[in-house]
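> Got a structure for you, written out below as structure tokens; questions coming shortly.
Protein chains in written order, with the numbering used here: chain A, 24 to 352; chain B, 24 to 352.
If you want it as structure tokens, here you go:
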């Protein structure tokens, strides 16, 4: 077994995951802590979760063996531009006993690397938000969407939730009996799937229930759409189809026609056999028939791989990728 | 000249207008004051503007001659449900020396009545927001949209402004040189129509400029779309066409196929020879070929007419409408 260890971290809004691996692909430890997005939670709290996840992954590992590290997180650019945030991360790194340098990358790059070892390709992520990015030599290049819920995130969980409410409101405006998805959305928002005698009363209650919360929480309704689409509910199915077309359109803004390098699908709505992944795959295959379509996997392992591949003793990064992320092979 | 006087008020977000008229159609006075929407400005301030406009309209008129009044405002239902707000309006009414009762109606009904004397019809309003309503016997009946910028207002000024920014962001994502409308939107938001060497830098600056302000202020960009559409700019023209289709769709949610009663167009984007009015007229004419299309006029005069028509001595309300609102005839 190689003496050299690398650590990778995937810091997301709801959880932080760490992995410590050897250069021959042995996983020595993993760690998990709370959400640590420095933009939404503040850099100090993010650094605290980073430290907790690191310590768990390094339990029983001599930190002097760790030669490289990589952190993937949303808003990486903002962290790097913020001296205080960077200092908080440096302290956590050093408090974990680590003396080696670490790199910070955007979560989109780490998601990409979790799905393929190819240095060039495209990543498409749909979760609460939605973003597509070109990857060139394992660096993020051009980006499409990711503009946030007010101006973008087309085809995202926010988009699905908002459109589900808009379809419900259209039913109520028309004084039409809401369909199955609309009834579930109504129940989630108002506590009851029943419509008042005056349809407008229910429509106003729906609008009030939504506007009481931060707009981005409309994404909480996306699982209702996903579940209903799995059951073949027609409105949910059409929303998923529309979202898939919007996501493919975002990709087409940055990915050249005829490209044959891989496309990695990531984010909660595209990882696994979700209805949105099933709908977006043919959209992408139609536009780029010769491109492999991959699925994002273990972000912490991918971050560890990104850290390892710059070490001189890693002569075959593709082989190491296959060991660390076998599902992507 | 009739001794009997009626007063009408049209309370909007940016101005309050009052008119005092006789039952034979003579305008005795008009008044104007600041915006008085009780929902956005508070009922006390709205009542203050109401009083200022009333006093101006009644200068030189013995208030004992006033036999009826009508106030049109957005959020009329909320005012009527709020005892404190209602009390503030009662005080302003009495402080103006008025002893007669007054009615409160939604601004949509007053806009409708400013365009036609027909008791039944449809009103479509597009300003910052967008709403359509059926009118039955000069009461608001079913309503479509008006659900606010987050969930509705399809085809409104907010919608035009947001879509103009989204088209600009799509250009920047594609690394395409922005067109004329996009350049104007960019200049309005960032102070310069020039794109940075890295397109994403400009896209991020655009998103930040928008998210620094309340979302509804996207409606401030609508005049850029209107002006560019007048000049034939292709993106602006396509946004106006799309907005017109959305507005007509909202009307179709509530207006029966084959209806022949009038449709009144109101709100800043539809009053006069605006590009949106020009685009929405054929959409409506296609769906309801036998319906007269009218344009909203003087809201204060329409409110006065609504007050007058319930008085027993008004035997021909249509004739009075023609005197008070000659443009609608």
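Idealized CB from N, CA, C, for every residue including glycine.
Residues in its own chain within less than 6 Å of residue 34 of chain B by CB, not counting five upstream and five downstream?
Taking the second chain and counting its residues from 1, the one referred to as residue 34 of chain B is at position 11. Cβ within range, chain order: 59 and 96.
> Can you tell me whether residue 230 of chain A is helix, strand or coil according to DSSP?
In the first chain, the residue the question calls residue 230 of chain A occupies position 207. Looking at residue 230 of chain A - three-state DSSP - the assignment turns out to be helix.
> For the stretch 90-126 of chain B, list the alpha helix (DSSP H) runs that are entirely contained and at least 4 residues long, ordered along the chain.
99-103 and 106-118
> Does any CB atom of chain B fall closer than 8 Å to the CB of residue 185 of chain A?
Within the first chain, the letter at position 162 stands for residue 185 of chain A. It does; some Cβ of chain B falls within 8 Å.
> Which residue wins for smallest C-alpha separation from residue 177 of chain A, given the options A:27, A:112, A:232 and A:271?
As a position in the first chain, residue 177 of chain A is number 154, starting the count at 1. Checking every option, the nearest Cα to that of residue 177 of chain A belongs to A:271.
> Kindly indicate the opening and closing residues of the alpha helix (DSSP H) around residue 32 of chain B.
Taking the second chain and counting its residues from 1, the one referred to as residue 32 of chain B is at position 9. In this chain, residue 32 of chain B is not harboured by any alpha helix (DSSP H); it is covered by the beta strand (DSSP E) spanning 28-34.
> Taking buried to mean at least 16 other C-beta atoms within 10 Å of its own C-beta, is residue 332 of chain B buried or exposed?
Here residue 332 of chain B corresponds to residue number 309 of the second chain, with the count starting at 1. That one is buried.
> Cβ closer than 9 Å: which chain A residues qualify as neighbours of residue 189 of chain B?
In the second chain, residue 189 of chain B corresponds to position 166, counting from 1. In chain order: 170, 174, 175 and 177.
> Looking at the strands, I want to know which residues DSSP matches up with residue 53 of chain A.
On the first chain, residue 53 of chain A is found 30 positions in, with the first residue counted as 1. Paired residues: A:42.
> Near residue 225 of chain B, which residues of its chain fall below 6 Å by C-beta distance, leaving aside the five closest residues on each side in sequence?
Residue 225 of chain B sits at position 202 when you count from the first residue of the second chain. Excluding residues within five positions, the ones whose Cβ falls inside 6 Å are 195, 218 and 219.
> Residue 281 of chain B: buried (16+ other C-beta within 10 angstroms of its C-beta) or exposed?
As a working note, residue 281 of chain B is residue 258 in the second chain. Exposed, because fewer than 16 other Cβ atoms sit within 10 Å of the Cβ of residue 281 of chain B.
> In whole angstroms, give me the CA-to-CA distance for residue 345 of chain B and residue 28 of chain B.
Here residue 345 of chain B is taken as the residue at index 322 of the second chain, counted from 1. Here residue 28 of chain B is taken as the residue at index 5 of the second chain, counted from 1. About 17 Å.
> For residue 72 of chain B, count neighbouring Cβ atoms within 10 angstroms of its own Cβ and tell me buried if that reaches 16, exposed if not.
What you label residue 72 of chain B is simply residue 49 of the second chain in a count that begins at 1. Buried, by the Cβ-count rule.
> Excluding the 5 residues preceding and the 5 following residue 207 of chain B in the sequence, name in chain order all residues of the same chain whose CB lies nearer than 6 Å to its CB.
In the second chain, counting from the first residue as 1, residue 207 of chain B sits at position 184. Closer than 6 Å at the Cβ level, and outside the excluded window around residue 207 of chain B, lie 247.
> Along the stretch 262-292 of chain A, where does the CB come closer than 7 Å to a CB of chain B? Name the residues.
276 and 277
> At the 8 Å Cβ level, is residue 196 of chain A part of the contact set with chain B, yes or no?
Indexing the first chain from 1 puts residue 196 of chain A at position 173. Closer than 8 Å to some Cβ of chain B, the Cβ of residue 196 of chain A qualifies, so yes.
> Tell me the rounded alpha-carbon separation between residue 150 of chain A and residue 297 of chain A.
Against the first chain, residue 150 of chain A aligns to sequence position 127. Against the first chain, residue 297 of chain A aligns to sequence position 274. Cα to Cα, the separation comes out at about 12 Å.
> Suppose contacts are defined by Cβ-Cβ distances below 8 Å. Is residue 299 of chain B in contact with residue 266 of chain B by that definition?
As a first step, residue 299 of chain B is located in the second chain; it is residue number 276 there, counting from the start. As a first step, residue 266 of chain B is located in the second chain; it is residue number 243 there, counting from the start. In this structure, residue 266 of chain B lies closer than 8 Å to residue 299 of chain B by Cβ.
> Suppose you measure from the CA of residue 126 of chain B to the CA of residue 289 of chain B; what does that come to, to the nearest Å?
Here the question's residue 126 of chain B lines up with position 103 in the second chain. Here the question's residue 289 of chain B lines up with position 266 in the second chain. A direct Cα-Cα distance of roughly 21 Å separates residue 126 of chain B from residue 289 of chain B.
> In the DSSP assignment, what are the bridge partners of residue 159 of chain A?
By 1-based counting over the first chain, the position of residue 159 of chain A is 136. Partner(s): A:162.
> Can you tell me whether residue 256 of chain B is buried or exposed? The criterion is at least 16 other CB atoms within 10 Å of its CB, across all chains shown.
Here the question's residue 256 of chain B lines up with position 233 in the second chain. Residue 256 of chain B should be labelled buried.
> So for residue 283 of chain A, helix, strand or coil by DSSP?
Numbered from 1 along the first chain, position 260 holds the residue referred to as residue 283 of chain A. Of the three classes helix, strand and coil, the one that applies to residue 283 of chain A here is coil, per DSSP.
> Do we get a CB-CB distance below 8 Å when we pair residue 165 of chain B with the residues of chain A?
Locating residue 165 of chain B in the second chain gives position 142, counting from the first residue. So, interface residue.
> Please list, in chain order, all residues of the same chain as residue 349 of chain A whose beta carbon is under 7 Å from its beta carbon, the five residues on each side excluded.
Taking the first chain and counting its residues from 1, one reaches residue 349 of chain A at position 326. Around residue 349 of chain A: no qualifying Cβ.
> With which residues is residue 148 of chain A paired in a DSSP beta bridge?
For this step, residue 148 of chain A is matched to residue 125 along the first chain. The partner list for residue 148 of chain A (beta bridge, DSSP) reads A:154 and A:289.
> Report the rounded CA-to-CA distance for residue 189 of chain A versus residue 90 of chain A, giving the unit in angstroms.
Within the first chain, the letter at position 166 stands for residue 189 of chain A. Within the first chain, the letter at position 67 stands for residue 90 of chain A. The straight-line gap from Cα to Cα measures roughly 52 Å.
> Kindly indicate which residue of B:32, B:87 and B:240 has the alpha-carbon position closest to the one of residue 185 of chain B.
Numbered from 1 along the second chain, position 162 holds the residue referred to as residue 185 of chain B. Minimum Cα distance to residue 185 of chain B is reached at B:240.
> Is the stretch 72-84 of chain A touching the stretch 41-58 of chain A in the sense that three or more CB pairs, one from each, lie closer than 8 Å?
yes
> Would you say residue 238 of chain A lies against chain B (beta-carbon separation less than 8 Å)?
As a first step, residue 238 of chain A must be located in the first chain, where it is residue number 215. The Cβ of residue 238 of chain A sits closer than 8 Å to at least one Cβ of chain B.
> Below 6 Å CB to CB, which residues in the same chain sit around residue 353 of chain B once its five sequence neighbours on both sides are set aside?
The structure shown has nothing for residue 353 of chain B, since chain B only spans 24 to 352.
> Do you know whose CA, among A:273, A:323 and A:318, lies nearest residue 129 of chain A's CA?
Position 106 of the first chain holds residue 129 of chain A. Nearest of A:273, A:323 and A:318 to residue 129 of chain A, Cα basis: A:323.
> Leaving out five residues on either side along the sequence, give the residues of the same chain with a beta carbon under 6 Å from the beta carbon of residue 263 of chain A.
Indexing the first chain from 1 puts residue 263 of chain A at position 240. Around residue 263 of chain A: 252, 298, 299 and 302.
> Taking 8 Å as the CB-CB limit, is residue 206 of chain A close to chain B?
Stepping through the first chain from its first residue, residue 206 of chain A is reached at position 183. Closer than 8 Å: no.
> Run through chain A and tell me which residues come within less than 9 Å of residue 232 of chain B, C-beta to C-beta.
Along the second chain, one-based indexing puts residue 232 of chain B at 209. Those do not exist, as residue 232 of chain B stays about 11 Å from chain A at its closest Cβ, beyond 9 Å.
> Does any residue of chain B bring its CB to less than 8 Å from the CB of residue 192 of chain A?
Taking the first residue of the first chain as 1, we reach residue 192 of chain A at position 169. Residue 192 of chain A counts as touching chain B.
> Take residue 276 of chain B and list the residues in its own chain whose beta-carbon comes closer than 6 Å to its own, dropping the five residues that flank it on each side.
By 1-based counting over the second chain, the position of residue 276 of chain B is 253. 167.
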